[in-house]
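*Asks:* First, the structure itself, so that you have it in front of you.
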Amino acid sequence: MKSVLTILIILTWAIRVFSQQISAPLVKNNYLKVTSYEELTAFIKELDEKSDLLKTETIGQSVKGRNLYALKFSTSEFGKDKSKLKVLFFAQQHGNEQSGKEGALLLAQALTSPENKYLFDKIDFAIIPQMNPDGSEANKRRNGNSMDLNRNHLILTEPETMALHRFFDKYLFEVSMDVHEYSPYGEDWEKYGYRKNADVTLGATTNPNISEAIRNLSNNEILPFVLKYLADRKFSSFEYCPGGPPEIDYIRHSTFDVNDGRQSLGILNTLSFIQEGMNGKDDSIENIRHRSEGQMTGMLGMLKFIYSHKDQAKKLVAEGRKELITAKPGEKISIQSEHVRTGQKLSIPLYSYFSKKDSTVVVNDYRPVVKTITDVQKPAGYLIPKQAKNLVEWAGKHALVIQDFKMQKGLKIEQYFIRRIDSIDFEREIIINPVVEGTEFSGNILPSDYLYIPTDQLKGNLIILALEPKSELGLVTYKEYAQLLRIGETFPVLRVVKK
Ligand SMILES: [Zn+2]
């Protein structure tokens, strides 16, 4: 009898010791303060040492020299098993959106527990919990250079965004999610009498050049699944709907710009998403437990959907990416678009400042569809002058395929003459709208003067959106490249097209 008791005591002790979980810093701190960079670093190290699934890769450094960590979960060598789906989540590009980082750390810890191990039978998963450590430490939106990282994914001037894209390009992830927070407390909303109140919102890609099959799966199946997954776990959820207040400004879905974390990867026909949790009123600690658990739950829901639809997701991305590298005669690429109404009204849940309760508001000016205004015929490639050093550097940062150009029969070279520069409304911002005339270029192309960037590559559509002078999303809309556009002169980037 005595020995049975001893065995029982030893067993209970053993179970307690071996099942002891490492706690995420937020939990250790009793939800009273957000996780510092030092605590995050120590926690990742501890988790990595304990878990066989996890390997940490330092993918770069912030402006102020802090490490950017990617936590890679795999049952085999990460990225090597071609049958697995490669999934990348990243959080806290905006330093004052703390729950993204906290949710990512809670998720990392949950993924090391035995009940979630099955996910990695089909998924190689990487998560970057903190894209902007300098902003996080100061609880500020921007990075150490005062740049908004989530507007930097096309020009890639910042070490943090460069590190992300280098890491993405290394593994060519098939699914991605960019995790943020939104702040619903604006004065205009208070005046309107309502504000947004969903714990977690989720959006997919909207750029019309992205594979329609990918956009359909995202909007028709993935978003509804994850939003319900959240609601079933007591987190209010709704589709990502920027804009408003209703009757003052229109409500739409996400931007179609390719300079953010979701669309810059989406344009490569990645299944790409944005998740936004609701921020606290004081920007950091208020309600942090619920906020972080909501973010974690949305991310876990996404992983579960992707796990159970692995083959379908893999096939859609492979087909979409094959289309990017297959030349189709007469293919058009949309370079200017607008958000338009369809006649459909949106019933949106909003918190009422009058009744102090959630209520439903019907939005009349709802613009769910992105419609092309201007498109161009997809060229075979572009010639960029080597003396345009910033363009050459830009091509290098995106690791574009660059070739030697040889003029062949059946090809012709076009150039744009810049007649004048008008303006156009782009999502409530007035930007440049060059009036251009395309003419045939009759000069000689010396390989010593030009780099040739073919468009039949994974980043083909990104290249077109970046290099067309009339593109609303183009490089010339950034001050760093504005000098390429001169009224009364020809545009220095040339188009190579099939006759
Ligand atoms: Zn954000």
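For what it's worth, our numbering labels the leading residue of the sequence shown as 26, then goes sequentially. Every residue, glycine too, gets a C-beta built ideally from N, C-alpha and C. All values derive from a computational prediction rather than experimental measurement.
1) Taking the beta strand (DSSP E) that G228 belongs to, which residues open and close that run?
2) What separation, rounded to the nearest whole angstrom, lies between the Cα atoms of L248 and N469?
3) Just checking E183 against ligand 1 - is the residue's beta carbon closer than 7 angstroms to any of the ligand's heavy atoms?
4) Confirm the yes/no value for this check: CB of Q300, any heavy atom of ligand 2, distance under 7 angstroms.
5) Would you check if the distance between the CB atom of V283 and the CB atom of G169 is smaller than 8 angstroms?
6) Do N177 and ligand 1 come close, with the Cβ less than 7 angstroms from some heavy atom?
7) Look at the Cβ atom of L136, then the Cβ atom of R346, and state whether they are nearer than 8 angstroms.
8) Looking only at C-alpha atoms, which of V401, S380, K340, Y378 sits nearest to S362?
9) In terms of DSSP beta bridges, what is M303 paired with?
10) Quick check: the Cα distance between A147 and K111, rounded to an integer number of angstroms?
11) Using DSSP bridges, identify the partner residues of E439.
12) Could you please give me the residues that DSSP links to M202 through a beta bridge?
13) Do Y475 and I409 come within 8 angstroms of each other at the CB atom, strictly closer than that value?
14) Answer yes or no: do G421 and Y477 have a C-beta to C-beta separation smaller than 8 angstroms?
15) State the DSSP-derived secondary structure class of T182, mapped to helix, strand or coil.
16) Check R277 in the structure and name its three-state DSSP category.
17) Looking at the strands, I want to know which residues DSSP matches up with G268.
18) Verify whether the separation of the beta carbon atoms of I292 and N222 is less than 8 angstroms.
19) Say the cut is 7 angstroms; is the CB of H278 nearer than that to a heavy atom of ligand 1?
20) State the Cα-Cα distance for the pair S279 and S384, rounded to the nearest angstrom.
21) I want to know whether the region 159–175 touches the region 262–275 - three or more CB-CB distances under 8 angstroms.
22) Which residue or residues does DSSP assign as beta-bridge partners of I350?
23) Using only the heavy atoms of ligand 1, determine whether one of them is closer than 7 angstroms to the beta carbon of E344.
24) Would you tell me roughly how many angstroms separate the C-alpha atoms of I373 and S124, rounded to the nearest one?
25) Is the CB-CB distance between F466 and L519 below 8 angstroms?
26) How would you write the range of the alpha helix (DSSP H) that L498 sits in, first residue to last?
27) Would you check if the region 197–204 and the region 321–335 touch, i.e. whether three or more CB-CB distances between them fall below 8 angstroms?
28) With a threshold of 8 angstroms, are at least 3 pairs of Cβ atoms found where one atom belongs to the region 156–164 and the other to the region 56–70?
29) Taking the beta strand (DSSP E) that P1 falls in, what are its first and last residues?
30) Looking only at its chain, what residues have a beta carbon closer than 7 angstroms to the beta carbon of N141, apart from the 5 residues adjacent to it on each side?
31) Quick check on DSSP: helix, strand or coil for K340?
32) Can Y219 and D390 be called in contact, C-beta distance under 8 angstroms?
33) Going by the C-beta, is H205 closer than 7 angstroms to any heavy atom of ligand 1?
34) Please look up how many angstroms separate the CB atoms of Y196 and G286, rounded, as I've assumed it's under 8 angstroms.
*Replies:* In brief:
1) Taken as a continuous stretch (DSSP letters only), the beta strand (DSSP E) holding G228 covers 225–228.
2) 52 angstroms
3) no
4) Ligand 2 is absent from the structure shown, which contains only ligand 1.
5) no
6) For N177, the shortest C-beta to heavy atom distance toward ligand 1 is 7 angstroms or greater.
7) no
8) V401
9) Y207
10) It should be noted that the sequence gives Lys, not Ala, for residue 147. K147 and K111: Cα-Cα distance of roughly 9 angstroms.
11) E465, R520
12) F114, F298
13) yes
14) At least 8 angstroms separates the beta-carbon of G421 from that of Y477.
15) In this structure, T182 counts as coil in the three-state DSSP scheme.
16) Strand, per DSSP.
17) I276
18) no
19) No, ligand 1 has no heavy atom inside 7 angstroms of this Cβ.
20) 23 angstroms
21) no
22) The partner list for I350 (beta bridge, DSSP) is empty, contrary to what the question assumes.
23) no
24) The alpha-carbon atoms of I373 and S124 are separated by roughly 24 angstroms.
25) yes
26) Run containing L498: none; DSSP gives neither H nor E here.
27) yes
28) yes
29) An answer regarding residue 1 cannot be provided, because it is not within the stretch 26 to 524 covered by the chain.
30) A135
31) Shown here, K340 sits in a helix according to DSSP, grouped into three states.
32) no
33) yes
34) That pair is no contact at about 16 angstroms.
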